[in-house]
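Using UniProt numbering, read the sequence shown as starting at 1 and increasing by one per residue.
The beta-carbon is built from N, C-alpha and C at its ideal position, and this holds for glycine as well.
Values in this document were obtained by computation on a predicted structure and should not be read as measured data.
First up is the structure itself, then whatever we jot down about it.
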Amino acid sequence: MSEGSKGLTYAQAGVDIDAGNLMVEKIKPLVRSTRRPGADGEIGGFGGLFDLKAAGFSDPILVAANDGVGTKLKIAIDAGKHDTIGVDLVAMCVNDIVVQGAEPLLFLDYFATGKLDPNQGADIVSGIAEGCRQAGCALIGGETAEMPGMYHGNDYDLAGFAVGAAERGQLLPTDDVVEGDVLLGLASSGVHSNGYSLVRRIVEKSGVKWADRAPFADGPTLAEALLEPTRIYVKSLLKAIRETHGIKALAHITGGGFPENIPRVLPKEFSAELDLSAIEVPRVFLWLAETGGVAPEEMMRTFNCGVGMIAVVAAGQAAQVAAVLQEAGETVTPIGRIVPRRDTGVIYRGSLAL
Numbered sequence: 001m002s003e004g005s006k007g008l009t010y011a012q013a014g015v016d017i018d019a020g021n022l023m024v025e026k027i028k029p030l031v032r033s034t035r036r037p038g039a040d041g042e043i044g045g046f047g048g049l050f051d052l053k054a055a056g057f058s059d060p061i062l063v064a065a066n067d068g069v070g071t072k073l074k075i076a077i078d079a080g081k082h083d084t085i086g087v088d089l090v091a092m093c094v095n096d097i098v099v100q101g102a103e104p105l106l107f108l109d110y111f112a113t114g115k116l117d118p119n120q121g122a123d124i125v126s127g128i129a130e131g132c133r134q135a136g137c138a139l140i141g142g143e144t145a146e147m148p149g150m151y152h153g154n155d156y157d158l159a160g161f162a163v164g165a166a167e168r169g170q171l172l173p174t175d176d177v178v179e180g181d182v183l184l185g186l187a188s189s190g191v192h193s194n195g196y197s198l199v200r201r202i203v204e205k206s207g208v209k210w211a212d213r214a215p216f217a218d219g220p221t222l223a224e225a226l227l228e229p230t231r232i233y234v235k236s237l238l239k240a241i242r243e244t245h246g247i248k249a250l251a252h253i254t255g256g257g258f259p260e261n262i263p264r265v266l267p268k269e270f271s272a273e274l275d276l277s278a279i280e281v282p283r284v285f286l287w288l289a290e291t292g293g294v295a296p297e298e299m300m301r302t303f304n305c306g307v308g309m310i311a312v313v314a315a316g317q318a319a320q321v322a323a324v325l326q327e328a329g330e331t332v333t334p335i336g337r338i339v340p341r342r343d344t345g346v347i348y349r350g351s352l353a354l
């Protein structure tokens with residue numbers, strides 16, 4: 001190589017190692033804020049550590065889950081609001097763990113982008129840390145990937161990975177679901193993180209801009225209202241499970257809505273009979289159904305329609321379980337019961353107030 005000539009650098013190829021290091025320094029305090037018994041290490045190593053014995057487990061079964069946020073990310077990107085999408089990322093993983101009766105213990109994230117902005121990255125991780133605090137799990141590590149040419153413009157993607165544990169013999173669902181068990185619906189915080197490809201099509205059809213006031217809410221912009229984070233049910237459900245021993249099964253109402261998610265936790269000889277008229281449907285779903293001309297059946301298989309979690313509870317303990325959940329901050333409504341198997345896993349009575 002002739003004197004004075006210079007070879008290419010990684011930065012010239014579009015990857016800024018210094019920006020990555022800056023982001024790590026920015027998020028270290030956020031990671032520390034999620035410490036819990038069993039996890040107290042610093043990020044930056046090649047792997048995260050967790051001590052199950054220090055967390056209080058003697059004979060644990062591990063439960064793992066991973067998920068993303070889907071096209072809700074596009075709203076965050078288009079609106080330039082990145083500080084809550086991490087809550088959704090955590091929620092989608094830890095809510096899947098708690099439905100199995102397990103306590104979420106640790107979380108790792110994967111953040112991929114075409115051009116790393118350390119401030120944007122720190123905003124995203126601030127939401128992840130908030131979600132971990134709500135769930136009581138530790139953010140013990142993650143990966144930030146700057147991949148020029150893979151993502152267009154300001155686009156990025158997120159994936160989350162959570163691990164929880166339950167003592168052997170205490171997993172859900174139990175094997176004693178019977179006819180007459182009660183279905184308790186726990187209110188959602190909104191659309192959560194499913195159905196956003198349809199949401200975005202409806203918004204496009206409506207002509208309402210992200211910065212306009214939301215037609216279905218008092219005060220926030222459309223983007224802010226639709227970015228309302230997914231509710232994390234972990235602490236309230238663990239409290240009810242441990243204090244009442246009355247919860248037999250839990251269904252996280254995500255993609256596929258009622259007809260896909262409830263049968264996943266029921267024995268094949270039973271169906272769930274839902275009283276749709278008992279469900280208080282939030283205004284956002286009324287607006288989506290009306291503006292998009294979406295049929296009730298499509299609403300129920302795409303969205304949570306106001307119920308983000310369903311608990312199957314022994315009839316004699318339904319009031320006790322509901323009281324514990326309400327004391328923990330949940331809005332709880334009896335929305336149905338377990339019946340002998342019919343043609344489908346979910347039977348509808350009444351209709352949604354759309």
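Worksheet entry | Cut-off 7 Å between Cβ atoms - residues of its own chain near isoleucine 262, not counting five sequence neighbours on either side | As a first step, residue 262 is located in the sequence shown; it is residue number 262 there, counting from the start. Around isoleucine 262, the same chain offers Ala251, Ala272, Ile310, Gly345 and Val346 as residues with beta carbons nearer than 7 Å, after the five sequence neighbours per side are excluded.
Item to complete: Please confirm whether leucine 171 and alanine 240 have their CB atoms less than 8 Å apart.
Response: Translated into the one-based positions of the sequence shown, residue 171 becomes position 171. Translated into the one-based positions of the sequence shown, residue 240 becomes position 240. Contact: no.
Practice prompt. Would you kindly check if the distance between the Cβ of valine 177 and the Cβ of alanine 129 is under 8 Å?
Written response: Locating residue 129 in the sequence shown gives position 129, counting from the first residue. Locating residue 177 in the sequence shown gives position 177, counting from the first residue. Cβ atoms of alanine 129 and valine 177: not closer than 8 Å.
Worksheet item: With distances taken between CB atoms, is the gap from glycine 160 to asparagine 66 smaller than 8 Å?
Response: In the sequence shown, the residue the question calls residue 160 occupies position 160. In the sequence shown, the residue the question calls residue 66 occupies position 66. Yes; because the gap between Cβ atoms is below 8 Å, this pair is in contact.
Fill in: C-alpha distance - leucine 89 paired with glycine 70, whole-angstrom precision
Taking the sequence shown and counting its residues from 1, one reaches residue 89 at position 89. Taking the sequence shown and counting its residues from 1, one reaches residue 70 at position 70. If I take the Cα positions, the gap works out to 9 Å.
Discussion item. Using CA atoms only, rank isn't needed, just tell me which of Arg168, Asp275 and His245 is closest to glycine 350.
Written reply: Locating residue 350 in the sequence shown gives position 350, where the first residue counts as 1. Glycine 350 has its Cα closest to that of Asp275, out of Arg168, Asp275 and His245.
Discussion item. Does leucine 325 come out as helix, strand or coil in the three-state DSSP assignment?
Written reply: As a working note, residue 325 is residue 325 in the sequence shown. Here leucine 325 sits in helix by DSSP.
Worksheet entry | Beta-bridge pairing of threonine 144 - partner residues as DSSP gives them | Reading the sequence shown from its first residue, position 144 is the one you call residue 144. Residue pairing of threonine 144 in beta bridges, as defined by DSSP: Phe111.
Item to complete: Could you say if the region 190-209 and the region 49-57 meet the contact criterion of at least three C-beta pairs nearer than 8 Å?
Response: Judged by Cβ distances under 8 Å, the region 190-209 makes no contact with the region 49-57, as fewer than three pairs qualify.
Fill in: glycine 255 versus threonine 9: straight-line alpha-carbon distance, rounded
Sequence index remark: in the sequence shown, residue 255 carries index 255 (1-based). Sequence index remark: in the sequence shown, residue 9 carries index 9 (1-based). Distance between the alpha carbons of glycine 255 and threonine 9: 44 Å.
Item to complete: Would you mind sorting leucine 73 into buried or exposed? The rule is 16 or more other CB atoms within 10 Å of its CB.
Response: What you label residue 73 is simply residue 73 of the sequence shown in a count that begins at 1. Buried, because 16 or more other Cβ atoms sit within 10 Å of the Cβ of leucine 73.
Discussion item. For asparagine 66, list the residues DSSP reports as bridge partners.
Written reply: Position 66 of the sequence shown, counting from 1, holds the residue named residue 66. Residue pairing by DSSP places asparagine 66 opposite Phe161 in a beta bridge.
Fill in: Where residue 368 falls, given that 16 or more other Cβ within 10 Å makes a residue buried
Given a span of 1 to 354 for the chain in the structure shown, any question on residue 368 remains unanswerable.
Worksheet item: Between which two residues does the beta strand (DSSP E) harbouring arginine 349 extend?
Response: The count along the sequence shown starts at 1 and reaches residue 349 at position 349. Note, arginine 349: beta strand (DSSP E), 346-349.
Practice prompt. Using the Cα positions of glutamate 269 and proline 259, report the straight-line distance between them to the nearest angstrom.
Written response: Translated into the one-based positions of the sequence shown, residue 269 becomes position 269. Translated into the one-based positions of the sequence shown, residue 259 becomes position 259. Approximately 16 Å, taken between the alpha carbons.
Worksheet item: Can you tell me the Cα-Cα spacing of methionine 1 and aspartate 40, whole angstroms?
Response: Against the sequence shown, residue 1 aligns to sequence position 1. Against the sequence shown, residue 40 aligns to sequence position 40. Note that methionine 1 has pLDDT 46, beneath the 50 cutoff, so the model's placement of it is unreliable and no number is given.
Discussion item. On the DSSP bridge list, what partners appear for glutamate 103?
Written reply: Along the sequence shown, read from residue 1 onward, the residue named residue 103 stands at position 103. In the DSSP output, where bridge partners are listed per residue, glutamate 103 has Ala165.
Worksheet item: Which one of Thr244, Glu143, Val94 and Leu22 has the shortest CA to CA distance from tyrosine 233?
Response: Counting from 1 along the sequence shown, the entry for residue 233 is found at position 233. Answer by Cα proximity: Val94.
Worksheet entry | Range covered by the beta strand (DSSP E) that runs through valine 332 | Here residue 332 refers to the residue found at position 332 of the sequence shown. Per DSSP, valine 332 belongs to the beta strand (DSSP E) from 332-340.
Discussion item. Just to confirm before moving on: does the CB-CB distance between alanine 318 and proline 334 stay below 8 Å?
Written reply: Translated into positions along the sequence shown, residue 318 becomes position 318. Translated into positions along the sequence shown, residue 334 becomes position 334. It is a contact, given that the beta carbons lie within the stated cut-off.
Worksheet item: If you follow the beta strand (DSSP E) that leucine 250 is part of, which residue opens it and which one closes it?
Response: In the sequence shown, the residue the question calls residue 250 occupies position 250. That run of the beta strand (DSSP E) goes 247-252.
Worksheet item: Hey, would you say alanine 314 sits closer than 8 Å to aspartate 181, going by beta carbons?
Response: Residue mapping note: residue 314 aligns to position 314 of the sequence shown, counting from 1. Residue mapping note: residue 181 aligns to position 181 of the sequence shown, counting from 1. Result yes, Cβ atoms of alanine 314 and aspartate 181 sit closer than 8 Å.
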